[in-house]
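Asker: Residue numbers (mature numbering (1 follows the signal peptide of the UniProt record, and there is no 0)): -25 to -1, 1 to 183.
Let me begin by handing over the structure; questions about it come next.
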């Protein structure tokens, strides 16, 4: 299966890089928004780190190893990413409405976005868990299907996360170190490598 470099930005760093724009404004509302964003991002940093670590783990999977080992590693990574997104949804949920006219709407949307991401990565884990490792060819085909699902999840997630980059709250989040990338580099890349015995997705989220 020619799967190498099939996915570009599959495990998107969109969650790790919430925003890259600059904040503006200096009135009382802006100050409150900055304080709200700091409270959220200080907590979010841990979860974004979990996502980064899980993404990195894909690259450490020996694509030439046993299918069961590849399957277990990918399943664990998807589980970790799903759990991190669930935690992010909880952080934004407990933060209360953000300051400003659309603060409640922004908060609700953030919770929805992260919850949906968690659900989609849970689905990816289930898909991986269902792969047949007893047959080399079937495993390769099945993992190719996971790659396709991952690509769709990444695209949908990027579109959803883009909504958190909008408006004053988006700008406020951009200023917080906790909501920025947790690994170096300028792009987010993902590839799928394969061998005669196994295939594994690999991705590293970076700040842009």
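The beta carbon of each residue, even a glycine, is placed where N, CA and C say it ideally should be.
Note that the structure is predicted; figures quoted are calculated from it, not measured.
Return the CA-CA distance between residue 104 and residue 7, expressed in angstroms with no decimal places.
Answerer: For the purposes of this step, residue 104 is taken as residue 129 along the chain shown, with counting starting at 1. For the purposes of this step, residue 7 is taken as residue 32 along the chain shown, with counting starting at 1. In a straight line, the C-alpha of residue 104 is about 45 Å away from that of residue 7.
Asker: Please say whether residue 106 and residue 114 have beta carbons closer to each other than 9 Å?
Answerer: The residue labelled residue 114 in the question sits at position 139 within the chain shown. The residue labelled residue 106 in the question sits at position 131 within the chain shown. Their beta carbons are under 9 Å apart, which means residue 114 touches residue 106 by this criterion.
Asker: In angstroms with no decimal places, state the Cα-to-Cα distance between residue 70 and residue 99.
Answerer: As a position in the chain shown, residue 70 is number 95, starting the count at 1. As a position in the chain shown, residue 99 is number 124, starting the count at 1. Those two C-alpha atoms are separated by around 29 Å.
Asker: Considering only the alpha carbon of each residue, which of 143, 155, 154 and 68 lies closest to residue 3?
Answerer: Translated into the one-based positions of the chain shown, residue 3 becomes position 28. Per the Cα distances, 143.
Asker: Which stretch, first to last residue, makes up the alpha helix (DSSP H) that contains residue 154?
Answerer: Position 179 of the chain shown, counted from the start, is the residue given in the question as residue 154. Premise fails: residue 154 is in no alpha helix (DSSP H) and is neither H nor E.
Asker: Let me make sure I understand the geometry here. Which of 49, 93 and 88 has the alpha-carbon closest to that of residue 34?
Answerer: Position 59 of the chain shown, counting from 1, holds the residue named residue 34. Taking residue 34 as reference, the option from 49, 93 and 88 with the minimal CA-CA separation is 49.
Asker: Have a look at 59, 123 and 94 and flag the residue whose alpha-carbon is nearest the alpha-carbon of residue 18.
Answerer: Taking the chain shown and counting its residues from 1, one reaches residue 18 at position 43. The candidate whose alpha carbon is nearest that of residue 18 is 59.
Asker: Determine the contact status of residue 152 and residue 22, defining contact as a CB-CB distance below 9 Å.
Answerer: The residue you call residue 152 lines up with position 177 of the chain shown. The residue you call residue 22 lines up with position 47 of the chain shown. Using a Cβ distance threshold of 9 Å, residue 152 and residue 22 do not count as a contacting pair.
Asker: Using the C-alpha atoms, what's the distance from residue 52 back to residue 85?
Answerer: Along the chain shown, one-based indexing puts residue 85 at 110. Along the chain shown, one-based indexing puts residue 52 at 77. Answer to the nearest angstrom: the Cα atoms are 23 Å apart.
Asker: Which residues in the same chain have their Cβ closer than 6 Å to the Cβ of residue 32, if we skip the five residues on either side of it in sequence?
Answerer: Translated into the one-based positions of the chain shown, residue 32 becomes position 57. Answer for residue 32: 52, listed in chain order.
Asker: Is it a yes or a no for the stretch 130 to 149 touching the stretch 75 to 85, going by three-plus beta-carbon pairs under 8 Å?
Answerer: yes
Asker: Hey, how far is the Cα of residue 139 from the Cα of residue 120?
Answerer: Along the chain shown, one-based indexing puts residue 139 at 164. Along the chain shown, one-based indexing puts residue 120 at 145. Cα to Cα, the separation comes out at about 29 Å.
Asker: Excluding the five sequence neighbours on either side, which residues of its own chain have a C-beta within less than 6 Å of the C-beta of residue 41, listed in chain order?
Answerer: Counted from its first residue, the chain shown places residue 41 at position 66. Taken in chain order, the list of residues that qualify is empty.
Asker: Is the Cβ-Cβ distance between residue 66 and residue 15 less than 9 Å?
Answerer: As a working mapping, residue 66 is identified with position 91 in the chain shown. As a working mapping, residue 15 is identified with position 40 in the chain shown. For residue 66 and residue 15, yes; Cβs fall inside 9 Å.
Asker: DSSP state of residue 73, grouped into three classes?
Answerer: To locate residue 73, count along the chain shown from 1; it is residue 98. Three-state result, residue 73: coil.
Asker: Give me the Cα-Cα distance between residue 26 and residue 93, rounded to the nearest whole angstrom.
Answerer: Translated into positions along the chain shown, residue 26 becomes position 51. Translated into positions along the chain shown, residue 93 becomes position 118. If you take the alpha carbons of residue 26 and residue 93, they lie about 11 Å apart.
Asker: What did DSSP end up calling residue 82 once you bin it into helix, strand or coil?
Answerer: On the chain shown, position 107 is the one that residue 82 refers to. Of the three classes helix, strand and coil, the one that applies to residue 82 here is helix, per DSSP.
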